[in-house]
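Position one of the sequence shown corresponds to residue 83 (this note's numbering), numbered consecutively onward.
Worksheet for the structure shown next.
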Amino acid sequence: MSKVQLIYEGVSQIVGGPELGLLVLSDLTHTRQIAIVCDKHMEYELGLRTGEKSVTERLLPEVLCSVNPMMTSEHYEILFNSIVDGQYKALLVNKDDLTLTPIRASDAILLAHVAKLNIFMEEHLFKRQSVDSSVSQNKMALPLNALSFEMLHHALEKAIEDENYELASMLRDEMKNRAKEP
Numbered sequence: 083m084s085k086v087q088l089i090y091e092g093v094s095q096i097v098g099g100p101e102l103g104l105l106v107l108s109d110l111t112h113t114r115q116i117a118i119v120c121d122k123h124m125e126y127e128l129g130l131r132t133g134e135k136s137v138t139e140r141l142l143p144e145v146l147c148s149v150n151p152m153m154t155s156e157h158y159e160i161l162f163n164s165i166v167d168g169q170y171k172a173l174l175v176n177k178d179d180l181t182l183t184p185i186r187a188s189d190a191i192l193l194a195h196v197a198k199l200n201i202f203m204e205e206h207l208f209k210r211q212s213v214d215s216s217v218s219q220n221k222m223a224l225p226l227n228a229l230s231f232e233m234l235h236h237a238l239e240k241a242i243e244d245e246n247y248e249l250a251s252m253l254r255d256e257m258k259n260r261a262k263e264p
């Protein structure tokens with residue numbers, strides 16, 4: 083399995099979606115990037131740790147990392163290996179015994195940030211999901227399969243309101259395809 087190493091770039095807000103944010107990750111060359119949807123709470127948690135004065139040593143992620151000295155990049159890494167129903171699937175990989183522990187995607191990024199773990203994505207998934215990072219710093223395209231059903235519904239309503247019927251048709255088709263899946 084080939085994989086691409088990613089670095090956390092920051093958090094962006096979704097226009098029209100005040101309860102959601104995007105965690106932006108790029109490859110090491112900063113040529114392609116992906117975005118992972120997160121909730122407002124995770125946006126806040128990461129914001130605490132990226133500010134000038136981070137006072138987080140007594141918060142749960144930092145405490146758990148301090149009591150587990152093995153939680154380092156020497157022993158663990160994060161791997162994104164698929165996307166299902168608009169949610170990236172992440173694994174905490176123990177490099178010593180190769181055990182895989184499923185973890186929510188945004189929590190995986192927070193853990194990687196706190197414990198300074200390397201983040202990887204399977205290469206075929208990265209090629210399929212990533213977008214060119216040099217196109218625009220203000221906008222980022224998201225693949226339809228990276229959106230939750232609720233986000234698709236909201237986008238469909240917005241596309242109809244804006245009379246963008248081609249986009250509305252694509253969104254409707256994606257929603258129908260997901261409804262057919264078991």
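Think of the CB as a built atom: it goes at the ideal place given N, C-alpha and C, for glycine as much as any other residue.
Considering residue i, what are the terminal residues of the beta strand (DSSP E) in which it resides?
| i | result |
| --- | --- |
| N176 | Q169 to N176 |
Under DSSP, the alpha helix (DSSP H) around residue i begins and ends at which residues?
| i | result |
| --- | --- |
| D189 | A187 to A197 |
Indicate the three-state DSSP secondary structure (helix, strand or coil) for residue i in the structure shown.
| i | result |
| --- | --- |
| V145 | helix |
| N200 | strand |
| E159 | strand |
| G92 | strand |
Whose C-alpha, out of the options, is nearest the C-alpha of residue i?
| i | options | result |
| --- | --- | --- |
| S212 | T132, G103 and D109 | D109 |
| L229 | L141, S136, L128 and I165 | I165 |
| S155 | D167, K135 and N176 | N176 |
| H235 | E125, A117, S84 and G168 | G168 |
| K85 | E232, L253, E205 and E256 | E205 |
| I185 | N163, N246, V137 and M252 | N163 |
| L193 | Y247, V145, A261 and K240 | V145 |
| H112 | K122, R140 and E91 | E91 |
| K209 | Q115, M252 and D244 | Q115 |
| L226 | M203, K258, S215 and H195 | K258 |
Once you ignore the five residues that flank residue i on each side, which residues in its own chain have a CB closer than 8 Å to its CB?
| i | result |
| --- | --- |
| Y247 | A241 |
May I ask you to list the residues that DSSP assigns as paired with residue i?
| i | result |
| --- | --- |
| T183 | L174 |
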